[in-house]
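Below: the structure, in structure tokens.
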Amino acid sequence: LRRSAVKDEL
Amino acid sequence: MNVFRLSGDVSHLLAILILLMKIWKTRSCAGISGKSQILFALVYTTRYLDLFTSFISPYNTAMKVFFIASSYATIYLIYLKFKATYDRNHDTFRMEFLVLPVLVLAFVVNHDFTPLEILWTFSIYLESVAILPQLFMVSKTGQAETITSHYLFALGMYRALYIVNWVYRYYFEGFYDLIAIIAGVVQTVLYCDFFYLYVTKVLKGKQLTLPA
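So the protein lines, in turn, are chains A and B.
Residues in the first sequence are numbered consecutively from 1, following this note's numbering.
Residues in the second sequence are numbered consecutively from 11, following this note's numbering.
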């Protein structure tokens, strides 16, 4: 499982 | 993007619009905690610094700009335009008791020790407790206007829906972010008492009163 580096959530 | 996150964002947008409408229409910010609004402005300012560095989508950018702009507009309405109606005596929660521990925690528990990541982590932690001055003020005054309770309900639902979004993303995209998830759960739990009162009272047409 990866943690997204880019914050695509608000 | 999934329906849970979208409805969470819509609920968040609705909460902010309800608050702005309440203050603008009644020309009063009675019962509204200016301190919580200051904390929210700090949350959005520290979280959306990547507005200029990473473009996700027009939607993402538009919402970030709106959240930042509306949070400062709300502060302007409370502390400047309608400051005569600001209930300073009941908005007495010590913000430093929230900001300082959150700041320390952001330095200790984060995914990456870089300025942008620490600010993002600070913002996530701060958002989970930013509503406390407002909830404290409601408990201190013992009641809240119905419109204010709708604001709080929409605001509380936004992060509750985000939790569902995180469950969805965990199973379908293999995505998870423990910092956001734990802070989001804490944030939503803080609303539980209010949710109970909202469902049992406001939805039955009664005034939201707390056993003072």
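No residue lacks a Cβ here, since even glycine has one placed at the ideal position from N, Cα and C.
query	result
Rounded to a whole number of angstroms, what is the C-alpha to C-alpha distance between residue 10 of chain A and residue 109 of chain B?	21 Å
Apart from the five residues on each side of it in sequence, which residues of its chain come closer than 6 Å, Cβ to Cβ, to residue 81 of chain B?	50, 51, 54
Report all residues from its chain with a CB closer than 7 Å to the CB of residue 129 of chain B; omit the five preceding and five following residues, and keep chain order.	56, 59
What are the complete alpha helix (DSSP H) segments, minimum 4 residues, inside the region 99-146 of chain B?	106-118, 125-139
Which word fits residue 167 of chain B, buried or exposed, when buried means at least 16 other C-beta atoms lie within 10 angstroms of its C-beta?	buried
DSSP three-state label for residue 223 of chain B, please.	What the structure shows of chain B is the stretch from 11 to 222, and residue 223 of chain B is not part of that stretch, so it cannot be assessed.
Do residue 96 of chain B and residue 44 of chain B have their C-beta atoms closer together than 8 Å?	yes
Using a C-beta to C-beta distance shorter than 7 Å, which residues of chain A count as neighbours of residue 15 of chain B?	9
Let me check understanding here. Comparing Cα to Cα, which of B/209, B/192, B/158, B/137 lies closest to residue 174 of chain B?	B/192
What does residue 93 of chain B reach in chain A if we use C-beta pairs closer than 7 Å?	Simply none; closest approach about 30 Å.
Using only CA atoms, which one of B/217, B/179, B/218, B/30 lies nearest to residue 91 of chain B?	B/30
What residues in the region 114-142 of chain B bring their beta carbon closer than 7 Å to a beta carbon of chain A?	121, 130
Where do the ends of the alpha helix (DSSP H) carrying residue 32 of chain B lie?	13-36
Which chain A residues are close to residue 167 of chain B, counting only those with a beta carbon under 7 Å from its beta carbon?	Those within 7 Å of residue 167 of chain B in chain A number zero; the least Cβ separation is about 14 Å.
If I measure Cβ to Cβ from residue 47 of chain B and keep anything under 7 Å in the same chain, skipping five residues before and after, which residues do I get?	81, 84, 85, 88
For residue 78 of chain B, would you say it is in contact with chain A, using Cβ-to-Cβ distances shorter than 8 Å as the test?	no
With a threshold of 16 other CB atoms inside 10 Å of the CB of residue 143 of chain B, please say whether the residue is buried or exposed.	buried
What are the residues that DSSP puts in a beta bridge with residue 87 of chain B?	Note: residue 87 of chain B sits in no beta bridge, so no partner.
Assign residue 194 of chain B to one of two classes, buried (16 or more other C-beta atoms within 10 Å of its C-beta) or exposed (fewer than that).	buried
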